[in-house]
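Enquirer: The structure under discussion is supplied below as structure tokens; questions concerning it will follow.
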Amino acid sequence: MTASFELHGVCHESFLPIREALVSNFENGLEIGASVAVIWRGELVVDLWGGSADRAGTRPWERDTIVQVFSTGKIMLVLCMMMLVDRGKLDLDAPVARYWPEFGQGNKDRVTVRQALTHQAGVPGFRPPVTFEDLHDWKAITARIAAMPHWFGGETTLCYHPVTYGFLLGEILRRVDGRDIATFAREEVTSRIGADFQLGPINPADISRVAEPKFLLPAPDHQYPGGLTGSIMDSVGLGDWTSPGRLSALIPASNCYANGRSIARVCSVFAGEGAVDGIRLLSPHWARETGREQVSGEDLALGPIRYGMGMGIDNRDFPAPGPNALHWGGYGGSWGLMDPDSQVAFGYAPNTLDFGGGTISPRLAGFHQALMDILPGLT
178 MTASFELHGV CHESFLPIRE ALVSNFENGL EIGASVAVIW RGELVVDLWG
228 GSADRAGTRP WERDTIVQVF STGKIMLVLC MMMLVDRGKL DLDAPVARYW
278 PEFGQGNKDR VTVRQALTHQ AGVPGFRPPV TFEDLHDWKA ITARIAAMPH
328 WFGGETTLCY HPVTYGFLLG EILRRVDGRD IATFAREEVT SRIGADFQLG
378 PINPADISRV AEPKFLLPAP DHQYPGGLTG SIMDSVGLGD WTSPGRLSAL
428 IPASNCYANG RSIARVCSVF AGEGAVDGIR LLSPHWARET GREQVSGEDL
478 ALGPIRYGMG MGIDNRDFPA PGPNALHWGG YGGSWGLMDP DSQVAFGYAP
528 NTLDFGGGTI SPRLAGFHQA LMDILPGLT
């Protein structure tokens, strides 16, 4: 069914395939509301938005609409951690327990900061499971993670950490810096480069700008398969998607709010070798190191993958539109891409939650192909 929509914003002629991909998504009923942006060599060359910001289709998506982007927020988490590494405050190859002694329990004493960043910390979920309300208590939830035994007996194992990742990295950062990770991100990143990106709890003044999420199809009763992936995802209670409690929760790996423009702005730090508009957040060395392969193989939750520092690098099963590009996405469809070769950063933020099969959903496939066509001509 064709969706009714109005598209707003600008698109440089060299990037028209991005606009065409977004229009196609709307025309094929794959979008309710969305924003897409591209920053190239520091210039905002694509800034598009349209559709509806609510489920009923009565509130238009505005230029400053933001939406929950779930794990796309992990890009921000990695940036914050790498800034501490760059400043000499954090050693990637030191055990996490050097900074957070309690974490050394349960065969986790040898887990390094680098392994925590690359989903090898051994605590991909919660045992026993926790409720959504449990996630609101930072001190209690990080104490649970610290006390929990290593899921793989202390053996280094690649396994995606969907929700625990934010608490794990956030507590390391707090122990080193003294600030919670949302405050660090606001004071050290978003306020400096002008990115409308919040890790939650969301500013109360911004709640009216948040788009409502809506499933493209009715949500299945059993979202996840059995086995390890199911046990990881089922170990966290999701709660009410639109409750005030979710908006007020500091759940750094998933409760993140942004739009296409602000995702691209954060990604441009890595695409631009650590600087945005002359504002340097990372040294060129550490910006490049973030994109260097850290580990590859069979992720027990996601399948075959190559990781840079916490984000994916091009491979057959998780392709990126450039051989040295980093990318990561979020539950339901949001996506961020950073390509240092072309200095292109891309951000996509929809309020339609799509769980189509495969690693690239039908909506992302159009953007992916557009970037595949565009990037070689820019380098």
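Residue numbers for the sequence shown follow our numbering, beginning at 178 and rising by one.
Every residue gets a Cβ at the ideal spot worked out from N, C-alpha and C, and that includes glycine.
Quantities reported herein were computed from a predicted structural model and do not represent experimental measurements.
Using the Cα positions of residue 386 and residue 211, report the straight-line distance between them to the nearest angstrom.
Expert: Along the sequence shown, read from residue 1 onward, the residue named residue 386 stands at position 209. Along the sequence shown, read from residue 1 onward, the residue named residue 211 stands at position 34. Computed Cα separation, rounded: 13 Å.
Enquirer: Examine chain E for any beta-carbon lying closer than 8 Å to the beta-carbon of residue 187, and answer yes or no.
Expert: Structure shown: chain E not included; a single protein chain is present.
Enquirer: Could you pull out every residue in the same chain whose Cβ sits closer than 8 Å to the Cβ of residue 513, ignoring the five residues on either side in sequence?
Expert: As a working mapping, residue 513 is identified with position 336 in the sequence shown. Around residue 513: 249, 252, 440, 441, 443, 444, 504, 505, 506, 522, 523, 524, 525.
Enquirer: If you draw a straight line from the alpha carbon of residue 379 to that of residue 434, how long is it in whole angstroms?
Expert: Start at 1 with the first residue of the sequence shown, and residue 379 comes out as number 202. Start at 1 with the first residue of the sequence shown, and residue 434 comes out as number 257. If you take the alpha carbons of residue 379 and residue 434, they lie about 8 Å apart.
Enquirer: Between residue 361 and residue 451, what straight-line distance do the alpha-carbon atoms span, to the nearest angstrom?
Expert: Walking along the sequence shown from the start, residue 361 turns up at place 184. Walking along the sequence shown from the start, residue 451 turns up at place 274. Going by the C-alpha atoms only, they are around 17 Å apart.
Enquirer: Using the rule of at least 16 other Cβ atoms within 10 Å of the residue's Cβ for burial, across every protein chain shown, is residue 190 buried or exposed?
Expert: As a working mapping, residue 190 is identified with position 13 in the sequence shown. Residue 190 comes out exposed.
Enquirer: Note the first and the last residue of the continuous beta strand (DSSP E) segment covering residue 573.
Expert: For the chain, the structure presents residues 178 to 556; residue 573 sits outside this window and is missing.
Enquirer: Residues bridged to residue 428 by DSSP?
Expert: For the purposes of this step, residue 428 is taken as residue 251 along the sequence shown, with counting starting at 1. Residue 428 is not bridged to any residue.
Enquirer: When you compare the CB positions of residue 317 and residue 279, do they come within less than 8 Å of one another, or not?
Expert: Within the sequence shown, residue 317 is the residue found at index 140, counting from 1. Within the sequence shown, residue 279 is the residue found at index 102, counting from 1. No; because the gap between Cβ atoms is not below 8 Å, this pair is not in contact.
Enquirer: Residues in the same chain with beta-carbon distance under 8 Å from residue 383, minus the five sequence neighbours each way, listed in chain order, please.
Expert: On the sequence shown, position 206 is the one that residue 383 refers to. Closer than 8 Å at Cβ, skipping near neighbours: 243, 375, 434.
Enquirer: Would you check if the stretch 284-291 and the stretch 301-321 touch, i.e. whether three or more CB-CB distances between them fall below 8 Å?
Expert: Short answer: they don't touch.
Enquirer: For the alpha helix (DSSP H) that residue 437 lies in, which residues bound it at each end?
Expert: Taking the first residue of the sequence shown as 1, we reach residue 437 at position 260. Looking at the DSSP string, the run of the alpha helix (DSSP H) that includes residue 437 is 437-448.
Enquirer: Can you give me the Cβ contacts of residue 461 inside the same chain, cut-off strictly under 7 Å, excluding the 5 residues immediately before and after it?
Expert: As a first step, residue 461 must be located in the sequence shown, where it is residue number 284. 450, 451.
Enquirer: Once the 5 residues before and after residue 381 are set aside, which same chain residues still bring their CB inside 8 Å of it?
Expert: As a working note, residue 381 is residue 204 in the sequence shown. So the list is empty, once near-sequence residues are dropped.
Enquirer: DSSP state of residue 462, grouped into three classes?
Expert: Locating residue 462 in the sequence shown gives position 285, counting from the first residue. Helix, per DSSP.
Enquirer: Kindly list the residues whose CB is nearer than 6 Å to the CB of residue 281, restricted to its own chain and excluding five residues on each side of it in sequence; keep chain order.
Expert: Taking the first residue of the sequence shown as 1, we reach residue 281 at position 104. Cβ within range, chain order: 274.
Enquirer: Would you list the residues sitting across from residue 391 in a DSSP beta bridge?
Expert: For the purposes of this step, residue 391 is taken as the residue at position 214 of the sequence shown. 529, per the DSSP bridge assignment.
Enquirer: Among 272, 464, 330, whose alpha-carbon lies nearest the alpha-carbon of residue 256?
Expert: Taking the first residue of the sequence shown as 1, we reach residue 256 at position 79. Per the Cα distances, 464.
Enquirer: Between residue 436 and the rest of its own chain, which residues show a CB-CB distance below 8 Å, the 5 nearest in sequence each way excluded?
Expert: Within the sequence shown, the letter at position 259 stands for residue 436. 212, 214, 226, 241, 242, 243, 244, 373, 524, 526.
Enquirer: DSSP has residue 482 in a bridge; who is on the other side?
Expert: The residue you call residue 482 lines up with position 305 of the sequence shown. Looking at the DSSP assignment, residue 482 forms a beta bridge with 474.
Enquirer: Suppose contacts are defined by Cβ-Cβ distances below 8 Å. Is residue 430 in contact with residue 313 by that definition?
Expert: Walking along the sequence shown from the start, residue 430 turns up at place 253. Walking along the sequence shown from the start, residue 313 turns up at place 136. The answer is no: Cβ separation not under 8 Å.
Enquirer: Can you grab the Cα-Cα spacing for the pair residue 355 / residue 332, in whole Å?
Expert: Residue 355 sits at position 178 when you count from the first residue of the sequence shown. Residue 332 sits at position 155 when you count from the first residue of the sequence shown. Going from the Cα of residue 355 to the Cα of residue 332 covers about 30 Å.
Enquirer: CB-CB under 7 Å to residue 260, same chain, minus the five flanking residues each way: which ones, in chain order?
Expert: For the purposes of this step, residue 260 is taken as residue 83 along the sequence shown, with counting starting at 1. Closer than 7 Å at the Cβ level, and outside the excluded window around residue 260, lie 365, 458, 459.
Enquirer: Answer yes or no: do residue 246 and residue 340 have a C-beta to C-beta separation smaller than 8 Å?
Expert: Locating residue 246 in the sequence shown gives position 69, counting from the first residue. Locating residue 340 in the sequence shown gives position 163, counting from the first residue. Not closer than 8 Å, so no.
Enquirer: In angstroms with no decimal places, state the Cα-to-Cα distance between residue 329 and residue 293.
Expert: Taking the sequence shown and counting its residues from 1, one reaches residue 329 at position 152. Taking the sequence shown and counting its residues from 1, one reaches residue 293 at position 116. Cα to Cα, residue 329 sits roughly 14 Å from residue 293.
Enquirer: How about residue 195 and residue 528: do their beta carbons lie closer than 8 Å?
Expert: As a first step, residue 195 is located in the sequence shown; it is residue number 18 there, counting from the start. As a first step, residue 528 is located in the sequence shown; it is residue number 351 there, counting from the start. No, the Cβ-Cβ distance between residue 195 and residue 528 is not below 8 Å.
Enquirer: Indicate whether residue 207 and residue 550 have their beta-carbon atoms separated by less than 8 Å.
Expert: Taking the sequence shown and counting its residues from 1, the one referred to as residue 207 is at position 30. Taking the sequence shown and counting its residues from 1, the one referred to as residue 550 is at position 373. No. Outside cutoff.
Enquirer: For residue 228, write down the residues that DSSP places opposite it in a beta bridge.
Expert: Translated into the one-based positions of the sequence shown, residue 228 becomes position 51. Beta-bridge pairing links residue 228 to 210.
Enquirer: Give the DSSP-derived three-state secondary structure of residue 342 in the structure shown.
Expert: Along the sequence shown, one-based indexing puts residue 342 at 165. Helix.
Enquirer: Given this structure, state the Cα-to-Cα distance separating residue 472 from residue 502, to the nearest angstrom.
Expert: Indexing the sequence shown from 1 puts residue 472 at position 295. Indexing the sequence shown from 1 puts residue 502 at position 325. Cα to Cα, residue 472 sits roughly 15 Å from residue 502.
Enquirer: For the alpha helix (DSSP H) containing residue 433, name the first residue and the last one.
Expert: Residue 433 sits at position 256 when you count from the first residue of the sequence shown. Note, residue 433: premise wrong, no alpha helix (DSSP H); not H, not E.
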